[in-house]
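Colleague:
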Amino acid sequence: MFKKVTQTIVNQMEPSGGLIPVHSIIDHEHFRPLCLVKRKEKTMFRRSPSYKQTWHRLTDFLLPGEDSNSTDSLLPSGGDKESRQFTVRTHTNDRVDGNLSLCVDSVSTELKAAASSSKGWSIKLDKNHIPLPKLEALTTERKINMDHPFIQQLQKTRERLYVVHETIETSEEACYEESTTAEGCLITQLYAKFHAKGTRDKKQSLTIPKGCTLAFKAIQLDIADKSWYLQYFEDRQYICDGFSGGKLGALEGEIKENCQILSQLSSDLSVTFLKAIKAVMRDRNLFEELNHKMDEVLDETHNCELKTESPDLKDLFSSLQYSSRHLLLKLAGAITYTLDALDELTEDQLLLLLESLEEKAVSQQLKLIGIILEHRNVHLNLDDSLLSSSQQKVQKITIAMLEMSGVKFQKDGSAVCMEEAFSATAALYVSLYILSVLSNSN
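Mapped onto the working numbering, the consecutive letters of the sequence shown carry residue numbers 22 to 463.
Take a look at the structure:
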């Protein structure tokens, strides 16, 4: 839910893409002014840049200067405050009725649904801003401690580093509420287990504390010989190729490059990995724990000890702990890539994926979505043979997940994946691909 709020605020305030939403309320403190972040690797399922925290601030690495308080005035809490307040209000109340007829193996199936949703919230926000000229002036006043282990590792890996210079924060505690009422046979807003006819209410709420960082802007730092510089020119290397490079073969190549190691796991290890992935799909806290641990593994400055109190992650961590460094890095990279794809999906899609695993349908769904991605923005008549072994429940799950990714189904049974739906559909494909590999290891 937090991700929904931050993405909505970013879309309203700066739809051009300058602001970056914070995805997890757990991590919000690591995206405040002067925090250092790293940009995640470009993928075909992510349309815009995404960043991860480093647990460091710029001030951690600055050598003392003539003015020991030279960084104080940069912060919004300092004497020269650069911030302004505003309020974002949103309220929607929608109702949708519809039906979809499909012919599968000479059996005509009509799926009917009616759903209404209501979302309402009002958030007072502070826009905190460190003027770039002030930050630029600091580059001449304070040098970088090149002996710090973090900086030394950064020089070895040549990773790009960014400093947060603008944030959107809550100026007071806020509450977000969402409710959905659905009735009928096909309910895309709800989980597959509730496909029976009837009515179901779903209500959720989220309390966001005062001072919570919801979105931010960051600028790249260049570090050399104790000096540091701001990189003002936009990094053109991070551009989503969209349909121009979004072919199925390229996506599969990216998956194999990042996750080929998963197909080489023993049956027992595949079961262990699948157990952990299923657990984090259900529990956001476990998701964040696994994500943070893999970041620590990939960041060689941390002497990462893979321990957890979670029974769902213990077996995985135990297996990783005793792997060679080379193998550990490969496995951590594969897990991180998997989590990045899952993070692009909605909560309901994750639950539908879990339902698909129970129904042993992921390989079949993977094949269908592959065809849709291959045809891209061309009307595609669904091949009945692909669904011939499916039960109606699996059909509904598949259609629901695709609709949540933006794929449009026509009355004649054809599917259309327009350009704006490519990234979300690609994330679904990647998730199914990895689940298929892990679940079919035997």
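Just so you know, even glycine gets a beta-carbon here, dropped at the ideal spot from N, CA and C.
Using beta-carbon positions only, say whether Lys145 and Glu193 come within less than 8 Å of one another.
Modeller: Contact: yes.
Colleague: For Ala236 versus Thr27, is the C-beta distance shorter than 8 Å?
Modeller: Against a cut-off of 8 Å, the Cβ pair of Thr27 and Ala236 comes out as a contact.
Colleague: Along the chain, where does the beta strand (DSSP E) containing Ile390 start, and where does it finish?
Modeller: Ile390 -> not in any beta strand (DSSP E); alpha helix (DSSP H) instead, spanning 383-396.
Colleague: Reducing DSSP to helix, strand and coil, say where Ser320 ends up.
Modeller: What sits at residue 320 in the sequence shown is Asp, not Ser. Looking at Asp320 - three-state DSSP - the assignment turns out to be coil, as it is neither helix nor strand.
Colleague: Ser460 lies in the alpha helix (DSSP H); which residues open and close that run?
Modeller: Unbroken alpha helix (DSSP H) run through Ser460: 443-460.
Colleague: Inspect the beta-carbon positions of Leu459 and Leu295 and report whether they are closer than 8 Å.
Modeller: Result yes, Cβ atoms of Leu459 and Leu295 sit closer than 8 Å.
Colleague: If you measure between the beta carbons of Ser6 and Lys61, is that distance less than 8 Å?
Modeller: Nothing in the structure corresponds to residue 6, since the chain is present only between 22 and 463.
Colleague: Select from Thr29, Trp249, Glu190, Gln225 the residue whose C-alpha is nearest the C-alpha of Leu84.
Modeller: Of the listed residues, the one whose Cα sits closest to Leu84 is Trp249.
Colleague: Measuring only the C-alpha atoms, how far is Val184 from Phe430?
Modeller: One C-alpha to the other measures close to 43 Å.
Colleague: Pick out whichever of Ser284, Ile244, Met302 has its Cα sitting closest to the Cα of Lys351.
Modeller: Of the candidates Ser284, Ile244, Met302, the one whose C-alpha sits nearest the C-alpha of Lys351 is Ser284.
Colleague: Any idea what DSSP makes of Val184, helix, strand or coil?
Modeller: Of the three classes helix, strand and coil, the one that applies to Val184 here is strand, per DSSP.
Colleague: Whose C-alpha, out of Asp364, Met425, Leu375, is nearest the C-alpha of Asn306?
Modeller: The candidate whose alpha carbon is nearest that of Asn306 is Asp364.
Colleague: Express the C-alpha separation of Tyr343 and Phe443 in angstroms, rounding to a whole number.
Modeller: Each residue's alpha carbon lies about 39 Å from the other.
Colleague: Comparing alpha-carbon positions, which option in Pro54, Arg53, Asn32, Met425 lies nearest Asp369?
Modeller: Residue Met425 is the option with its Cα nearest to Asp369.
Colleague: For Ile165, which residues from the same chain have a beta carbon less than 6 Å from its beta carbon, with the 5 sequence-adjacent residues on both sides left out?
Modeller: If we look at Ile165 and ignore the five residues flanking it on each side, its Cβ neighbours are Phe82, Ile244, Lys247, Trp249.
Colleague: Which residues in the same chain have their Cβ closer than 7 Å to the Cβ of Leu377, if we skip the five residues on either side of it in sequence?
Modeller: As written in the sequence, residue 377 is Ser, which differs from the Leu given in the question. The answer, listed in chain order, is Val383, Gln386, Ile418.
Colleague: Between which two residues does the alpha helix (DSSP H) carrying Val26 extend?
Modeller: It spans 23-34 - the alpha helix (DSSP H) in which Val26 sits, taken as one unbroken run.
Colleague: So Leu348 and Asn312 are supposed to be a Cβ contact under 8 Å. How far apart are they, rounded?
Modeller: Wrong, their Cβ atoms sit about 20 Å apart, outside the cutoff.
Colleague: With a cut-off of 8 Å on the beta carbons, I'd call Ile41 and Glu309 a contact; round off their distance for me.
Modeller: Incorrect: roughly 18 Å between the Cβ atoms, too far for contact.
Colleague: Have a look at Lys299 and Leu375 and give me their C-alpha separation to the nearest angstrom.
Modeller: Going from the Cα of Lys299 to the Cα of Leu375 covers about 7 Å.
Colleague: My output table needs one value for Leu327: the three-state DSSP class, helix, strand or coil.
Modeller: DSSP places Leu327 in coil when its eight states are reduced to three.
Colleague: What does a CB cutoff of less than 7 Å around Arg53 pick up in its chain, not counting 5 residues either side in sequence?
Modeller: Excluding residues within five positions, the ones whose Cβ falls inside 7 Å are Val185, Thr188, Thr234.
Colleague: By the 10 Å Cβ neighbour count, where 16 or more other Cβ atoms means buried, how is Ala271 classified, buried or exposed?
Modeller: That one is exposed.
Colleague: Report all residues from its chain with a CB closer than 7 Å to the CB of Ile276; omit the five preceding and five following residues, and keep chain order.
Modeller: Within the same chain, Ile276 has close Cβ partners Val451, Tyr454.
Colleague: According to the neighbour-count rule (16 or more other Cβ atoms, all chains shown, within 10 Å of its Cβ), is Leu456 buried or exposed?
Modeller: Buried.
Colleague: Mind checking which residues open and close the beta strand (DSSP E) that includes Ile46?
Modeller: Neither: Ile46 is in no beta strand (DSSP E) and is coded neither H nor E.
Colleague: When burial is assigned at 16 or more other CB atoms within 10 Å of the CB, is Phe66 buried or exposed?
Modeller: Buried.
Colleague: Using the rule of at least 16 other Cβ atoms within 10 Å of the residue's Cβ for burial, across every protein chain shown, is Asp320 buried or exposed?
Modeller: With 16 or more other Cβ atoms within 10 Å, it is buried.
Colleague: Starting from Tyr72 and walking both ways along the beta strand (DSSP E), at which residues does that stretch end?
Modeller: Note, Tyr72: beta strand (DSSP E), 72-78.
Colleague: Quick check: what's the CA-CA separation for Ser122 versus Ile393?
Modeller: Confidence in Ser122 is poor, its pLDDT being 40 and thus under 50, which makes the residue's placement unreliable; the coordinate value appears in the next sentence. C-alpha separation (whole angstroms): 19 Å.
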